[in-house]
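Remarks on the structure that follows.
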Amino acid sequence: MRLLRHPLVLAGLAILALLAIGEAVAPGFAGAGQLRSQFVIAAMLGVIAAGQNLVILAGREGIDLSVGAMLGLGALVAGNVMDGDNAMILAGLGAAVAVTGAFGLLNGLGITILRIPPLVMTLGMAGVIQGLLIILTSGRPSGRAAPALTRFIIDPLVAGIPGLVFVWAGLAVLLIWFLRRSRAGLNIYAIGTNQEAARLSGVPVTATRVLVFALSGAFSGITGFLILGYTQSVFIGVGNAYVLPSIIAVVIGGTPLSGGTGGYTGTIAGAILLTLLQSLLNAMAIEPFGRQIIFGLVLIGLMLIYGRQDRLRV
Amino acid sequence: MTEAAAPAPESRPPLRIRWALAFVVFAVFFAVNAWLQPSLLTTRVLTSNLTSFLPLVLVAIGQTYVVLAGDIDLTAGAIIALVNVSVVTLIEQAGGSGGAIALGLAAGIALGILCGLLNGLLVAVLRLQAIVTTFATSIVFGGIALWILPQAGGSVPQAYWRGYAGGLGPVKLTVILFLVALGTAILFSRMRWYRHLLAIGGNRLGAFQSGLAVTRQRVISYVLCGLFAALAALCLVGETASADPLLGPSFTLTSISAVVLGGTALAGGRGGVIGSILGALTLGLINNIVFFAKLPYVTQDLVKGLIILAALAGGILGARR
Amino acid sequence: MSLLVAENIRKAFGSTLALDGASLTVEPGEVHGLIGSNGCGKSTLCKIAAGSVGADEGHLRFDGREGFFGTPAAAAAAGIAVFYQELSLIPDLDVAENIALGHEPGRRGMVDGGAIHREGARLLARFGSSGGKGLTPGGLVRDLSADQRQIAEICKILARAPKLVIFDEATSSLDGDQVQIFFEIVRELREAGTGIIFISHRMDELFAICDRITVMRDGRTEATLPVATTDREAVLTLMVGSALATRHRDEAPPRPGAPVLEVAGLSNAVLRDVSFTLHEGEILGLGGLHGQGQSAVLRAIFGADPSSGSVRLGGMPHARRSPAAAIRAGLGYVSGDRGINGVFLDRPILENMAIAHLSKSRAAVFRPRAFVERVAGIVARLNLRFAGYDFPLRTLSGGNQQKVVIARWLATGPRVLLLDDPTKGIDVEAKADLYAIIDELAAEGVAILLHSSEDEELLSTAHRVLVFGSGRIRADLAGEALTPTALYRAAYEVSAA
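Chains as they are written, first to last, in my numbering: chain A, 36 to 349; chain B, 794 to 1114; chain C, 532 to 1028.
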């Protein structure tokens, strides 16, 4: 029974249940072709949620509401650097990561040095970046993905699985290793669990907190780059739809908003779960409002199962 | 005994104005606005400004109670949308008479309270994480709003928006509503439950161990937020005379900005409603300033974003001193 | 009829059995002491009586009313008030508002600020000037020091005129004067027929104020003894199960070591011109009344709080920029306030041990296996037992958690250990283990600066003791001069006859 309450087990069971329901409602839902496209979509959410995961793990009400705007910025920068040129793919990625990482760094500095609450700082930053995007683009889409990038992301690479999924898998392995085996990773957990004890144990608290916000920016930038590759050109508001889902993927993956415990393995499951749920609702012939209502209710249900907080009376 | 050495007890509680800084920020923006737009200081422009700021002021008041208790409500915007379309649709279907309007108003308020109650039950009674849960309920509320009215439209009888634009003699109804909201907020802040709300936000376990009804107070704060969001929605109906299911979402985060700008700590337990009212007014003034500064259109959003970020940062830094 | 009868209470937190067969009877007008090593279930038993923790089994009767209380509010309404060890104060309300919390005077839901304030002032006046600056009805609790907060919590209880008061470690931060005033208050409550449960680790206090003492061990009530017919040794025996001999150290360090830590003119918000030298292999005790600068010295040297003055470590200037820099220079810091300053409860035991070593070595990668090899010897030495390195620290008892923190610092191979009341709230056995390891480390040449709130511990462990008062060193006692009387005199500023 205790194993059943483990977030990862729960998320896994929920994923299986969704696949079963999906297959019953719309035959082929759990088929290989469908699953491949699901994974492509889940990968985007998974990558942006990676940054969110780090921010939340580091505690102190850590949350990043600027990931959506950062995603748009990353896509814009990558698109303009690449501008349809295959030779510029890595340059585009590098530029996107550098720019969004820098804005993430600003978030981190505002939160640590000026001690502005993360919710406020990143909300404000989102407004600033949105304004910046409008100036940069004058409201029109600009920049193009390199064709090779689009092929890599969408076309099957090995065993029918598109390259994007491998990118996600690679990032996931790196991140899980980083959180378990690197000093910086352990430091993130330490400041998320007990910041004062971490400081007294020699953990560079400020630098670590700045790092998670910078990384969150960078992951958003990567996501922007990937989405640009997937859709070839993007509009500047593309990221807004990712902000709260990125937080939900983390939370239903077993990292509480209070931070300090959890990890990226759960978030992967959370991203897949959210994506399957969305697409199951799309597969069912329901009107948009019905889908929306059911989606919200399922989220509440998920929170009910394992998002509950401690009682005051034990 | 030790009493001889005791300092003379002060006879009155110290005066702590928690919104002083928010007032200074407000005053600065007001001055800048008046400089850019000299007509601001006329009764007509002041009144029309107050009218357009009123919905945000109301939502910010409601949000403050939730934040003070240490929670957050991401449904405020969705409640506005839901109440907005429900009221307009109901009044239309009930025939648009005076009675229909009264029914619509009552139903709208009841609906807001119901939504708040649901949030309160989920967050305080079932102990779900506030951010994620209220986001989920906001999706549900927004979905129901779309169900009732898939796209903007509908209209309310003339009596509704005429009445909203009217007033008592020379004083506009919106000004009266603003003053009533302000008065209610001040009255609330002197009540016992409000003191308990601050205690719960400041130290939840300590408040529980002191015998306070923690769960009930948190539910009440969500109910108040739902109520004030509903009132804001009714004002918006009066202003636009029609319904829009997509109206509202922006109010959620803006109301939180207003609360923070007003000096209330997101962690709970510290701050107050008057600050939030000033914060909401300040946000309105920032919109005005960006507009009247005659900036190139494309730069307006960036400048606004920067000013808000600076104001939020400055407010938080100033509150800390 | 007894005021409170709790019988055969059983309570489990997850898989840990906190109480199993705990019983307690309190009469009206009785001061009933409750003692036992940490984790024996004293606080849990009291919280169950007060309705803030639920019981699994057992029987409770209070003031003729049968059954457990469902909420603290219900218990409070019945007349039970609790001084919570971790306090129940609200940081952003002022002292008077905290005192009145939950029963504010006023009509029709309104609050009468003036009445709250006057009542707060009346209750605070009991403590007179002993509470120090800032302890006023209008002062915010967040600005108060630890002893002032305890006084505020005591006043909060007095305001409720309860039938039963539970004081859970109510004196832990109070100084001598404050304790005396507190005792006066307790005696008045007793005169008025109030039942009082008094939990304390200080045997002297229990014997000074209690009528009866109940000893608990491992979640069970061992015995209830009338104070008049028992003694400290008997209570101790019941607590630990076997008599514990008091050991007094009278020898100097085995060999006179070279100076390791030279402190000159250290000053900050708490400290006033503190100077001393610590030698290799020396255990230098820091004593005095509570909060006179003992912790502040350790934190300043460790770079946790800012300070001016000079500190030399092994002859080299030590800049005290940050704890990280201090760790690299060979310092380690253990605090008695583990929950705040020491432990990562949800993290694995291994990470709790590795965190400082990682900071010191600046290795980018954590190699668990290599680190386990590094600490295995330390773990054995500390007599530290646990189910596995991967278990969350939360699964250990307080004493074992503190041993993990010690292991963290031993893994860094420190030259100087700063121990800030390290045995606070730890059971007797773990205490003995900790003091054994301190001795061993000193014998190996580690220099140790030890602050303890218990004079007994300083006398039995330290080679030399600096007595602090108002942020200054009042006395430097060693050898023949280091006696309980000398410590007492220096702490209370009684000039030697």
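Ideal placement from N, C-alpha and C gives every residue a C-beta, glycine not left out.
From a predicted model like this one, the values you see are computed outputs, not experimental measurements.
Excluding the five sequence neighbours on either side, which residues of its own chain have a C-beta within less than 6 Å of the C-beta of residue i, listed in chain order?
i, result
"A1021 (chain C)", "V998, R1005, A1006"
"G959 (chain B)", "L966"
"L1017 (chain B)", "G855, Y858"
"P854 (chain C)", "F833, G834, A835"
"G1019 (chain B)", "I872, G905, I906, C908, G909"
"F822 (chain B)", "T1075, L1078"
"G1037 (chain C)", "As shown, chain C starts at 532 and ends at 1028. That puts residue 1037 (chain C) outside it, with no answer to give."
"L689 (chain C)", "L654"
In the DSSP assignment, what residue or residues form a beta bridge with residue i?
i, result
"L949 (chain C)", "C:Y864, C:L980"
"D625 (chain C)", "C:L671"
"D749 (chain C)", "According to DSSP, which records beta bridges pairwise, D749 (chain C) is partnered with nothing at all."
"P923 (chain C)", "C:P879"
"H810 (chain C)", "C:P790"
"R596 (chain C)", "C:F593"
"S839 (chain C)", "C:S798"
"K965 (chain B)", "B:G960"
"H563 (chain C)", "C:I728, C:R743"
"D551 (chain C)", "C:R541"
Among the residues of its own chain, which have a CB less than 8 Å from the CB of residue i, if the five just before and after it don't count?
i, result
"C1028 (chain B)", "L847, P848, L851, Y957, T967, L970"
"I682 (chain C)", "L655, F658, G662, L666, L705, Q709"
"G136 (chain A)", "A249, L250, G252, A253, G256"
"F902 (chain C)", "L881, M884, A885, H888, A942"
"I56 (chain A)", "L315"
"I211 (chain A)", "G298, Y299, T300"
"T185 (chain A)", "G264, Y265, Q267"
"I50 (chain A)", "A304, I307, L308, L311"
"R680 (chain C)", "L618, L620, V672, S704"
"A862 (chain B)", "L990, I993, G994, Q1010, R1011, S1014, G1061"
Ends of the alpha helix (DSSP H) at residue i?
i, result
"A887 (chain C)", "880-892"
"V60 (chain A)", "42-60"
"A1000 (chain B)", "997-1002"
"A183 (chain A)", "182-189"
"F138 (chain A)", "124-147"
"G892 (chain B)", "891-913"
"I688 (chain C)", "677-689"
Which residue marks the beginning of the beta strand (DSSP E) containing residue i, and which one marks its end?
i, result
"E617 (chain C)", "Looking at the DSSP string, E617 (chain C) is not in any beta strand (DSSP E), and its letter there is neither H nor E."
"I814 (chain C)", "814-819"
"S1014 (chain B)", "Looking at the DSSP string, S1014 (chain B) is not in any beta strand (DSSP E); the run it does join, the alpha helix (DSSP H), is 1007-1033."
"D1007 (chain C)", "1003-1009"
Who are the Cβ neighbours of residue i in its own chain at under 7 Å, not counting the five residues just before and after it?
i, result
"L334 (chain A)", "I283"
"G1056 (chain B)", "R811, W812, L814, A815, G1064, G1068, G1108, A1112"
Would you mind working out which of the options sits nearest residue i, comparing C-alpha positions?
i, options, result
"G1045 (chain C)", "C:S991, C:A907, C:M641, C:I579", "Nothing in the structure corresponds to residue 1045 (chain C), since chain C is present only between 532 and 1028."
"Q73 (chain A)", "A:I91, A:Y224, A:L54", "A:L54"
"V828 (chain C)", "C:G1000, C:L534, C:R905", "C:G1000"
"I146 (chain A)", "A:R95, A:I76, A:V102, A:V75", "A:R95"
"V959 (chain C)", "C:A800, C:N931, C:L950, C:D742", "C:N931"
"L867 (chain B)", "B:A1036, B:T1033, B:G888, B:V916", "B:V916"
"G889 (chain B)", "B:I1100, B:Q951, B:N912", "B:Q951"
"A893 (chain B)", "B:A853, B:L911, B:V949", "B:V949"
"I1049 (chain B)", "B:T1008, B:A1000, B:I865, B:Y987", "B:I865"
Checklist entry - Would you call the segment 1087-1096 of chain B and the segment 835-842 of chain B touching, i.e. three or more CB-CB distances under 8 Å? => result no
Checklist entry - Quick one: any contact between the segment 625-636 of chain C and the segment 974-981 of chain B, if contact means 3 or more CB pairs under 8 Å? => result no
Checklist entry - Does the segment 80-96 of chain A come close enough to the segment 273-292 of chain A to have 3 or more Cβ pairs within less than 8 Å? => result yes
Checklist entry - Hey, is the segment 963-974 of chain C in contact with the segment 872-881 of chain C, meaning 3+ C-beta pairs nearer than 8 Å? => result no
Next on the checklist: Counting only Cβ-Cβ distances shorter than 8 Å, please list the residues of the segment 912-929 of chain B near chain E, keeping chain order.
Outcome noted: Protein chains A, B and C are contained in the structure displayed, whereas chain E is not.
Checklist entry - Does the segment 204-223 of chain A come close enough to the segment 112-126 of chain A to have 3 or more Cβ pairs within less than 8 Å? => result no
Item to check | Three CB pairs or more closer than 8 Å across the segment 805-813 of chain C and the segment 977-995 of chain C | outcome: yes
Checklist entry - Do the segment 556-570 of chain C and the segment 736-744 of chain C make contact, defined as three or more Cβ pairs closer than 8 Å? => result yes
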